[in-house]
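Take a look at the structure below.
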Amino acid sequence: MRHLLPLLAPLLLAACARGNAPAGCAQAAARLENLSSQAIEQLYLSPVGSPWGHDLIGQEFKGGGELPSRAGMPLRFEGLGPYALRVVWVNGQAAEMSDINGCTTLRITILDGLLRAE
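So this is what it looks like as structure tokens:
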């Protein structure tokens with residue numbers, strides 16, 4: 002078995018370092034889909050335990066704006082560790098989800114009053 006390790010190590014490293022993913026992470030971005038019945042007014046993504054920071058909707062749609070119902074956008078994870086997501090709809094209601102794994106999450110779906118990571 003030990004003689005296989007030198008052969009497998011480069012393959013494992015290549016699999017973990019594809020794209021612009023953080024070291025040791027196979028995924029650094031996810032697709033955010035708003036499948037709720039309302040537009041999203043604010044969106045925040047930060048490492049668990051950190052302040053929310055800047056509104057990502059404001060950054061994605063220059064000069065402010067909304068993420069309409071049935072629309073999507075890319076969501077980038079800046080590093081390793083669990084993330085928290087906060088969504089605020091145009092009616093003022095909000096939902097939060099924590100412990101999102103940026104390395105394995107491919108899609109985050111926003112439903113009415115509910116967030117789902119896949």
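Per our numbering, residue 2 is the first one in the sequence shown, and the count goes up by one each step. C-beta atoms are modelled at their ideal positions from N, C-alpha and C, and glycine is treated no differently. As the structure is a prediction and not an experimental result, all values here were calculated from the model.
query: Going straight from the alpha carbon of glycine 59 to that of glycine 66, what length do you get?
result: 6 Å
First through last residue of the beta strand (DSSP E) which encompasses glutamine 60: Segment 57-61 is the alpha helix (DSSP H) holding glutamine 60; no beta strand (DSSP E) there.
- request: Output the boundary residues of the beta strand (DSSP E) element that contains leucine 81.
  value: Unbroken run through leucine 81: none, as it is neither H nor E.
field: Contact set for glutamine 39: own chain, Cβ-Cβ below 7 Å, skip 5 residues either direction
entry: Ser70, Trp90, Val91, Asn92
- request: Using alpha carbons as the reference points, say which of Gly114, Leu107, Glu97, Leu112 lies closest to alanine 29.
  value: Leu107
- request: Measure the alpha-carbon distance for arginine 77 versus alanine 118 and round it to whole angstroms.
  value: 14 Å
query: Does the beta-carbon of leucine 68 have 16 or more other beta-carbons within 10 angstroms, so that it is buried, or is it exposed?
result: buried
query: Bridge partners of glycine 73, per DSSP?
result: Glu34
query: Is the beta carbon of isoleucine 101 less than 8 Å from the beta carbon of proline 83?
result: yes
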